[in-house]
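Report on the following structure.
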Amino acid sequence: MSKKMEGSLLLRNGRLLDPESGRDGRFDILVEEGRICRVAPRLEGPADRVIDLSGLWIMPGAIDLHVHLREPGFEYKETILTGARAAAAGGFTSIACMANTSPVNDNAAVTRFILEQAAAAPVKVLPIAAISREMRGETLVEMGDLVAAGAAAFSDDGRTVPNSKLLRHAMEYAALFDRRLFCHCQDNALFADGVVHEGLLAAAHGLAGIPSLAEEIDIARTIMLAEYLGLPVHICHLSTRGGVELVRAAKERGVAVTAEVTPHHLFLDERAVADLDYAGEIVEGFRPEPRRYNTNTKMSPPLRSAEDVEAVRQGLAAGVIDAVATDHAPHEATEKAVEYDLAPFGVVGLETALGLVLRLVAEGLLSPLRMAGVLSLEPARILGLADRGRVVEGAAADFTVIDPEREWVVDPESFRSRSRNTPFAGWRLPGRAVKTIVDGRVVFE
Ligand code: DOR
Ligand code: ZN
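Written out as structure tokens, the structure is:
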């Protein structure tokens, strides 16, 4: 991030979507020295730069709670810089990156390394440190050290923490440092060697199944621990109807649980694995060759049933699920060009997420304000970022500017990401980010 002081910036005539205040209307925003200085229906200059946003939406910068940046260790898939550029192009102003790098981000030196690399990145990078050393689930990391180095949260994402006593201690220590655990909930024994959802598709194609129960049983355990301790916890990538019900019931009891859902679990069900029936509209020429399977539909948790997709959609609309997070998981093309069983889990998401969420708005599932909430305010709250996710005087001048009418077709070849493993190639999406502003600086347009 350039530390150069920015001049004043006047953002005019945009439709402001500020979920915290509930403002949805035409406002001007004056930015000075990277901070929001004034917000009013009409502001006159002078300003060093004036940008007219007529016909566009402006919301607090989108924050992705869950990305895999692959550096250190797997730079051929993604680096901090390529991932951050993909984020900026996708309209994200902050991204929280998971710890399953090599070495694992389980000590302050790795956290510091990530932040040093991120100094040149166009968006904010918030390192999430591991819960256990080498993510083995055996020994707690030095949380105090990691927080001092800049850890924004703790997660062994990619794996669960099977030892409930360790998970308990992790929740307790993290709370001392005002940090939250981001839990990848999956019962290892039930997950076993599964590669797709345990259901019709698995049976028809002879693929090993991952039952919904694998997720639900571990969400129940995680919620019970949080409830017993009276501490907050965040559940990653909810994918099942039962998971939504567990979170709904826990919230009703007053448990401080939050949850995220990915765009792929909102739009695709198990049938996409075999290219059977895309929910999306395939544009002529982009339809993949007819084939039995598409490894860009393999991720953990897997694409579930159509009923599960409906449940996570309703959960998001109702506020049971707080946020949309991508689980951006880049893999190199040759790694995915193998039998379904052998392909790594994960799909990219930074450059398609906003367009897909805009589709939920177009479908009437989310209001524009709720869209801004699930992409900015709620993620900021989950990360405890008091000066982001909101449009108030003094807050960071991070904005996502959207053209809601700029229809486009997903072409993986155009991605800034180093990897192209998307299940959404050829999808027609209704709108996109046309400007991404971080600390008052336009980092993408
Ligand atoms: O699909 C996934 N890919 N799920 C995870 O939990 C990990 C991720 C990765 O690192 O590739
Ligand atoms: Zn995960």
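In the working numbering, the protein residues as written are 728 to 1172.
Cβ atoms here follow ideal geometry from the backbone N, Cα and C, with glycine treated the same way.
On the criterion of 16 or more Cβ atoms from any shown chain inside 10 Å, does residue i qualify as buried, or is it exposed?
{"i": "residue 1081", "result": "buried"}
{"i": "residue 955", "result": "exposed"}
{"i": "residue 1124", "result": "buried"}
{"i": "residue 1015", "result": "With a pLDDT of only 46 at residue 1015, under 50, the local geometry of the prediction cannot be trusted, and the value read off the model is given with reservation. Classification for residue 1015: exposed."}
{"i": "residue 769", "result": "exposed"}
{"i": "residue 761", "result": "buried"}
{"i": "residue 866", "result": "exposed"}
{"i": "residue 1057", "result": "buried"}
{"i": "residue 1132", "result": "exposed"}
{"i": "residue 903", "result": "exposed"}
{"i": "residue 800", "result": "exposed"}
{"i": "residue 781", "result": "exposed"}
{"i": "residue 1148", "result": "buried"}
Look at the alpha carbon of residue i and the alpha carbon of residue j, and state the distance between them as a whole number of angstroms.
{"i": "residue 1144", "j": "residue 965", "result": "25 Å"}
{"i": "residue 887", "j": "residue 911", "result": "5 Å"}
{"i": "residue 891", "j": "residue 791", "result": "28 Å"}
{"i": "residue 837", "j": "residue 899", "result": "23 Å"}
{"i": "residue 1090", "j": "residue 815", "result": "25 Å"}
{"i": "residue 753", "j": "residue 968", "result": "38 Å"}
{"i": "residue 1017", "j": "residue 1001", "result": "Low confidence applies to residue 1017: its pLDDT is 46, below 50, so where it sits in the model is not reliable, and the reading given next is rough at best. Answer to the nearest angstrom: the Cα atoms are 9 Å apart."}
{"i": "residue 1107", "j": "residue 734", "result": "26 Å"}
{"i": "residue 805", "j": "residue 994", "result": "25 Å"}
{"i": "residue 1118", "j": "residue 767", "result": "11 Å"}
{"i": "residue 740", "j": "residue 1150", "result": "36 Å"}
{"i": "residue 788", "j": "residue 1116", "result": "6 Å"}
{"i": "residue 809", "j": "residue 765", "result": "33 Å"}
{"i": "residue 796", "j": "residue 1139", "result": "18 Å"}
{"i": "residue 1061", "j": "residue 827", "result": "21 Å"}
{"i": "residue 1064", "j": "residue 1023", "result": "9 Å"}
{"i": "residue 875", "j": "residue 856", "result": "12 Å"}
{"i": "residue 893", "j": "residue 909", "result": "14 Å"}
Give me, in chain order, the residues of the same chain whose beta-carbon lies closer than 7 Å to that of residue i; leave out the 5 immediate sequence neighbours on both sides.
{"i": "residue 1025", "result": "922, 1067, 1070 and 1072"}
{"i": "residue 1111", "result": "905"}
{"i": "residue 1105", "result": "1049 and 1050"}
{"i": "residue 1172", "result": "1161 and 1162"}
{"i": "residue 750", "result": "743"}
{"i": "residue 1034", "result": "968"}
{"i": "residue 942", "result": "912, 913, 966, 967, 970 and 1028"}
Which same chain residues, not among the five before or five after residue i, have their C-beta less than 6 Å away from its C-beta?
{"i": "residue 1007", "result": "The pLDDT assigned to residue 1007 is 44, lower than 50, so where the model puts this residue is not dependable; a value taken from the coordinates is nonetheless given after this. Hits under 6 Å: 1154."}
{"i": "residue 935", "result": "920, 921 and 922"}
{"i": "residue 1120", "result": "763"}
{"i": "residue 674", "result": "Residue 674 lies beyond the stretch modelled for the chain, which goes from 728 to 1172, so this question has no answer here."}
{"i": "residue 1101", "result": "1050 and 1051"}
{"i": "residue 1192", "result": "Given a span of 728 to 1172 for the chain in the structure shown, any question on residue 1192 remains unanswerable."}
{"i": "residue 928", "result": "997 and 1000"}
{"i": "residue 977", "result": "950 and 984"}
Excluding five sequence neighbours on each side, which residues of the same chain lie with their C-beta closer than 8 Å to the C-beta of residue i?
{"i": "residue 974", "result": "946, 950, 962, 965, 984, 986, 1042, 1047 and 1048"}
Looking at chain C, is there any beta carbon in it that lies within less than 9 Å of the beta carbon of residue i?
{"i": "residue 960", "result": "The structure shown contains no chain C; it is built from a single protein chain."}
Is it the case that the CB of residue i approaches a heavy atom of the ligand FAD more closely than 8 Å?
{"i": "residue 980", "result": "The model on display carries the ligand DOR and the ligand ZN but not the ligand FAD."}
Every unbroken alpha helix (DSSP H) inside the stretch 1029-1072 [4 residues or more]
1033-1045 and 1060-1063, all fully within the stretch 1029-1072.
Please list the segments of the alpha helix (DSSP H) lying wholly inside the stretch 932-989, counting only runs of 4 or more residues, in order along the chain.
DSSP runs (the alpha helix (DSSP H)) wholly in the stretch 932-989: 939-956 and 968-979.
Can you list the alpha helix (DSSP H) stretches of 4 or more residues lying completely in the stretch 881-916, in chain order?
Correct list: 891-903.
Residue ranges of each alpha helix (DSSP H) run of no fewer than 4 residues wholly in the stretch 1094-1143, ordered along the chain?
For the stretch 1094-1143, the continuous alpha helix (DSSP H) assignments of 4+ residues that do not extend past its boundaries occur at 1095-1099 and 1105-1110, in sequence order.
Quick one: complete beta strand (DSSP E) runs, 3+ long, within the stretch 843-874?
Runs of the beta strand (DSSP E) inside the stretch 843-874: 851-856.
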